[in-house]
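Engineer: With this note's numbering, the residue at position 164 of the sequence shown is 166, and numbering never jumps. We put the beta carbon where it would ideally sit given N, CA and C, even for glycine. Got a structure for you, questions after.
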Amino acid sequence: MPSLLERLLGDDTPDEQVDMESRQETADGALRDAVDRAGYPVEGCGLTAVAVVNEGPDGEPVVVPVARFSLGEHVEKPDRDLVWDLVGEAAVAMHEPFADVFVRHYDVQFTFDGDELFEAEECRRVLLTTDLVDRYATDAGYSVADLRAAVEAADDIDDEVAPVAWGEPVDYSRSDDAAVVVGGTAAAAAASASAASCAGAGAAAGAGGGAC
């Protein structure tokens, strides 16, 4: 029987893909609604992808939900207080839809700058562990400042292991053992854009990341 990743990268649409798409859509709607209500000064946002990075012993998917915010090409140095407010909104939006899924970590990406000719947008990300997201989303006394302090205290030099306070992005679609569910498709490892543009983590048009 084909593995989960083989089925996700195949021509058919397996049940696991339909499930991930549904969870992605729910989280995307919650995130957009929250950003709209708060009136954050961002150009776009969305739950842009769900990277299936492994499978468990019973074939269950191991995933990385990916949220992305476009801060604008005019922004050269992001306001970190705004960044962490948005991280908090993403954490709440992603928590419930993925609560019963094996999540490796949550990936919250930010694009900015890049307004010069031929200059690609900068992209950085914050990685959150499931424990941190669960606590922030369920404990009313645990503030954004507490979440930020916990991530910054536990962050080390490895940008691929959560928690990460402000790291380089990873193009999940370039891995031989991962599939990226993006707005109804499972993208293979042949993505052409660079990780600096947050490609492979949901850059496809119409798959989130549009105006909030």
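Buried or exposed: where does Glu43 fall if 16 or more other Cβ atoms within 10 Å of its Cβ makes it buried?
Structural biologist: Before going further, note that residue 43 is Pro rather than Glu in the sequence given. By the neighbour-count rule (16 or more Cβ atoms within 10 Å), Pro43 is not buried but exposed.
Engineer: Just tell me which of Ala151, Ala152, Val172, Ala155 has its CA closest to the CA of Asp161.
Structural biologist: The alpha carbon of Asp161 has as its nearest neighbour, out of Ala151, Ala152, Val172, Ala155, the alpha carbon of Val172.
Engineer: Please list the terminal residues of the continuous beta strand (DSSP E) segment that includes Asp109.
Structural biologist: 108-114
Engineer: Report the rounded CA-to-CA distance for His107 versus Tyr144, giving the unit in angstroms.
Structural biologist: 19 Å
Engineer: Would you decide whether Asp158 is buried or exposed? Buried here means 16 or more other CB atoms lie within 10 Å of its CB.
Structural biologist: exposed
Engineer: Report yes or no: do the region 97-105 and the region 77-87 share at least 3 C-beta pairs separated by less than 8 Å?
Structural biologist: Cβ pair count under 8 Å is below three, so no.
Engineer: Tell me Leu130's beta-bridge partners as DSSP assigns them.
Structural biologist: Tyr108
Engineer: Quick check on Ser72: buried or exposed, where buried means 16 or more other Cβ atoms within 10 Å of its Cβ?
Structural biologist: buried
Engineer: So, using beta-carbon positions, are Val94 and Val110 closer together than 8 Å?
Structural biologist: no
Engineer: Helix, strand or coil for Gly46 per DSSP?
Structural biologist: DSSP places Gly46 in strand when its eight states are reduced to three.
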